[in-house]
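Following: one structure in structure tokens, then a few remarks.
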Amino acid sequence: MSLTDMEKAVEGIAGLRGVFITLMPDCLLFDSWTREDRWHAEDVASYFGDLVRANREGLKAIEAWAADMQVTIESADSLVVLREMEGGLVASMVFERSVPMGMVRLSVKRLLGRLAVSLPAIELEDRPRGERLLDYLERYAPDPHAVRMRVALQTGIPLGELEHPENLSGGQLDEIEESVKFILGLDTLAY
Amino acid sequence: MMVETDSAADLCDAVVGGRDSPAIAGALRREHACRHGLLWRSDVAEPAVVVALQGLLGERCRRVGPAGLGVELFETAEGHGIVLVPRTGRLQLRIVGTTAREDREPVARALHRWLFGLVGVGVDTADAAADGGAR
Amino acid sequence: MHKRNGTPSVAYDNDLAFLGDAPVLYHCHHFNLFLDQSVDDALGPKVGPALRFAAAREASYQLLASLVRAADAVTPAERVALAEHVFASMGHGRLRIDAPQGVGKAVGEHLHYGQAWFEKYGATVRRRSPADAFAAGFAAAAVDLAYDLPPLSSAATEERCVAMRAPRCEFTIRRGEPEEARPRVDRAAVAATSADGWIPAGLHEDAIASIAATLRAFLAGVESDDSGLIRAFGVYVTMHLAGYYNRITYDTITRVQATAPKMTEVLEMLFRESGHVCVFNTFGGILMSPEWEGAVGTLTGDPAEIVAGGVAIARALGFGRWRIREHVPGERLVIDAPATYESPYYGIRHGEAVRPTCYFLQGAALAIMQLAERVRWSERPALTQAFYNELFRGGLPWRVEQTRCRVRGDDRCAVVVTRS
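Residue numbers (my numbering), protein chains in the order written: chain A, 19 to 209; chain B, 53 to 187; chain C, 3 to 422.
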């Protein structure tokens, strides 16, 4: 069952292919509506959440960040608008590419207004660092099926302990973070 | 554009409709490959076209692989592979692996047009584009 | 016997393949990259590549020495040219070696590991270290042989790599201390270890033998292209050295057992996983190929068809005379072999084992069962990474146990797949 009245929120929005609400900072799917059966809403919500976070950090780095920032992506088939909302949420709205930009802006405004009314208040709860680290890795690792085994081998932390990341010690988490950086080829992680 | 051998005239004929097109070639669809965009599939429904393709490919391309095993393997001058299963009409185009990623689809489409140009069969490009496999 | 381009043909004993004296087999880049990655995960970013280099140099030296003898290549130029040609004809790309008296460089174009890594992972992951330890080892071995240097003494370092977004791969080659020779695992030694390995015919034997011979006929006609890459059944494959795979596998296991014994099981799981990766991509690719459709038939999706097909593919690729001992669709699969490409090496180099050691056979058998039972072949599925994850990620409905192993003194290697 939808947490939000999404059907009502998207009513009459022309050319809309999907809406994904991502709960930050963990990039978890909060709610979604989509016309496309083959899309995996959890994945889409996670990737767009990461994108918004990276965008925020990038803008902060050039001292250009503002709370009402909006990301627009134009792809061959779609026009995607990402927008931070109140309460640690991000809305990702996917339109057909043929919808004129002016119409998209108007629809985004209308949609955000409806969503703001219908979204419940959320109490943010920080998930354990270990969970966030491993979720982040599994989202981006090239071989997600094997990635926990890889971390176990690299760190020497038994698989059984990795199954319960909330119980890992600070030292173990530091080792896992190094492992994640190595696997993804990154100097720093934003998870 | 990689298919530019002595077959350019045929290619041109096929594209501009310089000859009759008695049948429509099967749409070109990308097949999953270990490297993106290197394998393309088309199915030939008309047995007569399959026979004609076999003959013409034997003349225009290098035959590779063993004979008499129910599948015919050819290689173009540019090194692209063309595999034909006469029994089922399945046709597979194997684009050379070093072809730049963005060029693979155009090369495959040109090769497809050239092939069916050889036998005077029109290629329904609209159908091919709508197929979705190429995206 | 030689192919048209002058490369010696592969010979088979008991469906194990040999090029010159060296045991060889065909594997695709999915397997190659995964195995290398597992070694580096276990040993770290310095020791892992060092082991892979040493294994490549050793196995390549054995291969090249036998081919140099057979070709009567005498001068350094002849030997270097032969090595470069063999490297390309095995599908590893183009390597140009210029290291007189063991000092100089090599340049690689389209190298299998680097290029394949970049194609597969480059868009999502940044690689921090070079990928072509195999090419480095091969170049070092070629230089040792070309200039009659002490065997296994030259060193090679990959300075630039396409996997790290360089335009081509570049290696420096220098003189080094020779590595101590280990017992040879050549054709004669493999035959000796397998001599008493007769086992009775299995299920569908005639069909399997016939399909394997047909597939091998296609493989025999495969030649490398101008880039030094080979494609068979639409899949890019390498003819690779079993000595390389086996040394990196068993040396890694040995080191992990010594330094972090609790991690041995995880490492074994990853080695089995490499079998899944291979079967899904290579076996699956062959089953879906037009060659299969034309020469064997259109897939119906009958589990028996896929199991028999998988075993035939294994034989054709040089993995050994796998046989189906039992198959109850949906329930149980037993595959055995008088020898695998893994068991002779282990026996010769490591002696008797306490635990079964045919990790690839274990993983491959489980994956064959999974492909037979969970894939709707008649619907022509795309064998994508997403589909792989769907099939192999998380709890598999099967478990595999190796019940017999030559290196434990059994008469064969056998694996049993049952419901988990």
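Backbone N, C-alpha and C define an ideal beta-carbon position, used for all residues, glycine too.
Residue environment, residue i, which counts as buried when at least 16 other CB atoms sit within 10 Å
{"i": "Met119/A", "result": "exposed"}
{"i": "Gln103/C", "result": "exposed"}
{"i": "Arg98/C", "result": "exposed"}
{"i": "Gln259/C", "result": "exposed"}
{"i": "Ser93/A", "result": "exposed"}
{"i": "Arg166/A", "result": "buried"}
{"i": "Arg6/C", "result": "With a pLDDT of only 45 at Arg6/C, under 50, the local geometry of the prediction cannot be trusted, and the value read off the model is given with reservation. Classification of Arg6/C: exposed, given that the 10 Å Cβ count is below 16."}
{"i": "Arg341/C", "result": "The sequence shown places Ala at residue 341/C, rather than the Arg named in the question. Classification of Ala341/C: buried, given that the 10 Å Cβ count is 16 or more."}
{"i": "Arg167/C", "result": "exposed"}
{"i": "Pro74/B", "result": "Only weak support is given to the placement of Pro74/B: the predicted model assigns it a pLDDT of 41, under 50, and the question is left unresolved by the model."}
{"i": "Pro305/C", "result": "buried"}
{"i": "His58/A", "result": "exposed"}
{"i": "Ile80/A", "result": "exposed"}
{"i": "Ser422/C", "result": "exposed"}
{"i": "Ser2/C", "result": "Residue 2/C is absent from the structure shown; chain C starts at 3 and stops at 422."}
{"i": "Lys26/A", "result": "exposed"}
{"i": "Val55/B", "result": "Summary for Val55/B: the model assigns pLDDT 32, below 50, so the residue's position carries little reliability, and this model does not support an answer."}
{"i": "Ala79/C", "result": "exposed"}
{"i": "Asp38/C", "result": "buried"}
Under 7 Å between C-beta atoms of residue i and residue j
{"i": "Val37/A", "j": "Trp51/A", "result": "yes"}
{"i": "Ala148/C", "j": "Leu217/C", "result": "no"}
{"i": "Thr254/C", "j": "Ala58/C", "result": "no"}
{"i": "Trp361/C", "j": "Arg274/C", "result": "Here residue 361/C is Tyr; the residue named in the question, Trp, does not match the sequence. Closer than 7 Å, so yes."}
{"i": "Val89/A", "j": "Leu100/A", "result": "yes"}
{"i": "Val187/C", "j": "Gly245/C", "result": "yes"}
{"i": "Phe136/C", "j": "Tyr115/C", "result": "yes"}
{"i": "Glu114/A", "j": "Val108/A", "result": "no"}
{"i": "Tyr390/C", "j": "Cys86/B", "result": "no"}
{"i": "Asp134/C", "j": "Leu113/C", "result": "yes"}
{"i": "Val268/C", "j": "Ala170/A", "result": "yes"}
{"i": "Ile250/C", "j": "Val41/C", "result": "yes"}
{"i": "Val368/C", "j": "Val402/C", "result": "The sequence given here places Leu at residue 368/C; Val does not occur at that position. In this structure, Val402/C lies closer than 7 Å to Leu368/C by Cβ."}
Endpoints, the beta strand (DSSP E) within which residue i is located
{"i": "Lys107/C", "result": "Gly106 to Glu111"}
{"i": "Pro25/C", "result": "Ala24 to Cys30"}
{"i": "Tyr14/C", "result": "Ala13 to Asp15"}
{"i": "Phe321/C", "result": "Where Phe321/C is concerned, there is no enclosing beta strand (DSSP E), given that its DSSP letter is neither H nor E."}
{"i": "Ile326/C", "result": "Arg325 to Val330"}
{"i": "Ser96/A", "result": "Ser96 to Met103"}
{"i": "Ile370/C", "result": "Not the beta strand (DSSP E): Ile370/C falls in the alpha helix (DSSP H), residues Tyr361 to Arg376."}
{"i": "Glu181/C", "result": "Here Glu181/C belongs to no beta strand (DSSP E), and DSSP marks it neither H nor E."}
{"i": "Ile91/A", "result": "Gln88 to Glu92"}
Distance cut-off 6 Å: residue i Cβ against heavy atoms of the ligand NAP
{"i": "Gly396/C", "result": "The ligand NAP is not among the ligands present in this structure, which contains no ligands whatsoever."}
Simplified DSSP assignment, three categories, for residue i
{"i": "Leu34/A", "result": "strand"}
{"i": "Tyr238/C", "result": "strand"}
{"i": "Ala61/B", "result": "Residue placement at Ala61/B cannot be trusted, given a pLDDT of 31 that sits under 50; the coordinates are not used to answer."}
{"i": "His114/C", "result": "helix"}
{"i": "Cys280/C", "result": "helix"}
{"i": "Gly396/C", "result": "coil"}
{"i": "Trp294/C", "result": "helix"}
{"i": "His132/B", "result": "coil"}
{"i": "Asp95/B", "result": "strand"}
{"i": "Ser156/C", "result": "coil"}
{"i": "Val419/C", "result": "strand"}
{"i": "Ala75/B", "result": "Low local confidence applies: a pLDDT of 48 at Ala75/B is under 50, so the model's placement there is unreliable, with the coordinate-based value given in what follows. Looking at Ala75/B - three-state DSSP - the assignment turns out to be coil, as it is neither helix nor strand."}
{"i": "Met265/C", "result": "helix"}
{"i": "Thr126/C", "result": "coil"}
{"i": "Ser50/A", "result": "strand"}
{"i": "Arg410/C", "result": "helix"}
Residue range of the alpha helix (DSSP H) that includes residue i
{"i": "Val192/C", "result": "Arg189 to Ser196"}
{"i": "Ser197/A", "result": "Gly188 to Leu202"}
{"i": "Ile80/A", "result": "That residue, Ile80/A, is in no alpha helix (DSSP H); it is neither H nor E in DSSP."}
{"i": "Ser345/C", "result": "Ser345 to His352"}
{"i": "Thr173/A", "result": "Val165 to Thr173"}
{"i": "Met119/A", "result": "Met119 to Ser136"}
Cβ contact check for the stretch 175-186 of chain C and the stretch 143-158 of chain C: 3 or more pairs under 8 Å: yes
Quick check: the stretch 111-122 of chain B against the stretch 296-316 of chain C, are there 3 or more CB pairs under 8 Å? yes
Pairing CB atoms from the stretch 337-353 of chain C with CB atoms from the stretch 319-328 of chain C, are three or more of them under 8 Å? Result yes; three or more Cβ-Cβ pairs closer than 8 Å.
For the stretch 348-359 of chain C against the stretch 212-228 of chain C, are there 3 or more C-beta pairs whose distance is under 8 Å? no
Is there contact here, the stretch 22-36 of chain C with the stretch 52-70 of chain C, by at least three beta-carbon pairs under 8 Å? yes
contact_flag[the stretch 68-77 of chain C, the stretch 194-212 of chain C] where n(CB pairs < 8 Å) is 3 or more: no
Taking 8 Å as the threshold, find out whether the stretch 14-23 of chain C comes into contact with the stretch 171-181 of chain A through three or more Cβ pairs. With the cut-off at 8 Å, the stretch 14-23 of chain C and the stretch 171-181 of chain A do not touch.
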